[in-house]
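Residue numbers (my numbering): 3 to 287.
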Amino acid sequence: MSLEAAVAAVRHVTDRRPRWAMILGSGLGSLVDTLDDAERIDFAALPGFARTTAAGHAGQWVFGDWGGVPVILMSGRLHRYGGWSTAQLTFPIAVMGALGVERLLISNAAGGLHPSLRVGDLVFVEDHIDWLFGTPALRFPRGVEPRPASAAGAHLAGRDRSSLGLPARTVPLYDPELLEAALAAARQADVRAVRGTYLATLGPHYETRAEYRMMRRLGADVVGMSTVPEVVAAARLGLRVLAVSMVSNVARPDCPSKAEHAEVLAAGADAAGPLGAIMQRVISP
């Protein structure tokens, strides 16, 4: 993967240098239509970018202005269950850093584990549990250097942090100031939003009733199949990270129902407007 080639391909289309970027989860692709003066680049036109296989993921980078602030919206992402390595699915983060991005919002569609959650709720992530088994084994492309250990943050209990370029002590991966700003913006926009813990699994199957019960006991509020590798990569590159889960279905282990991807996409489409309203408040200059 050539970082220089990917950056050159972007620069061939646009010379914008946004400080904000956002990865759009399942069903949230309509947010690209809210950008002014949009310029689109297909993943296929960016060297080193793999092809997204998840339904509802357009596979594009969209540059534009959001409330007067230049941003990159990444419409679609890669997942480990698609056969991609951690290095492949985090390569776009390295390109963002090379383009000057400083703040990254990572969104996802997730199953609600906490009994108080409802479909459409937004859960801003303050911590995670990593069941992707291999997320920290990051290999950046040539020319990309992680920030010194004292400048990066991680919460990777039980891992050898010294081999990751991460500090030995526990510091937040998820930026506390951005988290508080997002929750405040949600209150102003009258949107249901809370803070919580995200559990990342390999997928692509949904969880069993017994697994839902176990995840609740572990302290997870939402469960999904993405986000954590991107968060860890962004933190290593010194980006400030805000992550949000849109609750697309709710786990009811004692009253089971079948989860369908079409429902996930529909819930994301309904949540796109409220999430966009929150983010415009957060990123406003």
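Think of the CB as a built atom: it goes at the ideal place given N, C-alpha and C, for glycine as much as any other residue. Keep in mind the model is a prediction, meaning the values are calculated, not measured.
Residue(s) in a DSSP beta bridge with residue i
{"i": "Met76", "result": "Ile25, Trp63"}
{"i": "Ser1", "result": "Any property of residue 1 remains undetermined from this structure, which presents the chain solely from 3 to 287."}
{"i": "Leu180", "result": "Bridge partners of Leu180: none, in fact."}
{"i": "Phe126", "result": "Arg197, Val246"}
{"i": "Ala202", "result": "Asp132, Gly226"}
{"i": "Val71", "result": "Trp68"}
{"i": "His114", "result": "One detail in the question is off: residue 114 reads as Gly in this sequence, not His. Per DSSP, Val224, Val252."}
Short Cβ contact (8 Å threshold) for residue i with residue j
{"i": "Gly113", "j": "Val225", "result": "yes"}
{"i": "Ala47", "j": "Ala11", "result": "yes"}
{"i": "Leu30", "j": "Arg82", "result": "no"}
{"i": "Ile108", "j": "Pro20", "result": "no"}
{"i": "Ala202", "j": "Asp129", "result": "no"}
{"i": "Leu5", "j": "Val97", "result": "yes"}
{"i": "Ile285", "j": "Trp22", "result": "yes"}
{"i": "Leu119", "j": "Val9", "result": "no"}
{"i": "Gly66", "j": "Asp39", "result": "yes"}
{"i": "Thr199", "j": "Asp177", "result": "no"}
{"i": "Leu239", "j": "Gly99", "result": "yes"}
{"i": "Ala186", "j": "Leu33", "result": "no"}
{"i": "Ala279", "j": "Val193", "result": "yes"}
{"i": "Ala235", "j": "Leu175", "result": "no"}
{"i": "Arg254", "j": "Leu115", "result": "no"}
{"i": "Ala68", "j": "Gln282", "result": "In the sequence under discussion, the amino acid at residue 68 is Trp, which differs from the Ala named in the question. Yes."}
{"i": "Ala111", "j": "Met248", "result": "yes"}
{"i": "Val71", "j": "Ile43", "result": "no"}
{"i": "Pro231", "j": "Thr36", "result": "no"}
{"i": "Gly50", "j": "Ala7", "result": "yes"}
{"i": "Arg105", "j": "Leu180", "result": "yes"}
{"i": "Pro276", "j": "Ala183", "result": "no"}
Beta strand (DSSP E) segment containing residue i, residue limits
{"i": "His81", "result": "Per DSSP, His81 belongs to no beta strand (DSSP E) and is neither H nor E."}
{"i": "Glu41", "result": "38-44"}
Boundaries (first-last residue) of the alpha helix (DSSP H) holding residue i
{"i": "Glu6", "result": "5-15"}
{"i": "Leu91", "result": "88-100"}
Contact with chain D by residue i, beta-carbon distance below 8 Å
{"i": "Arg215", "result": "Of the protein chains in the structure, only one exists, and it is not chain D."}
Any non-hydrogen atom of the ligand ATP closer than 7 Å to residue i Cβ
{"i": "Asp272", "result": "No copy of the ligand ATP occurs in the structure displayed, which carries no ligand at all."}
Along the chain, which unbroken stretches of the alpha helix (DSSP H) at least 4 residues long are found entirely within the segment 208-282? 211-220, 230-238
Can we say the segment 86-104 touches the segment 117-130, given the rule of at least three CB pairs closer than 8 Å? no
Does the structure place the segment 240-250 close enough to the segment 203-215 that three or more beta carbon pairs sit under 8 Å? no
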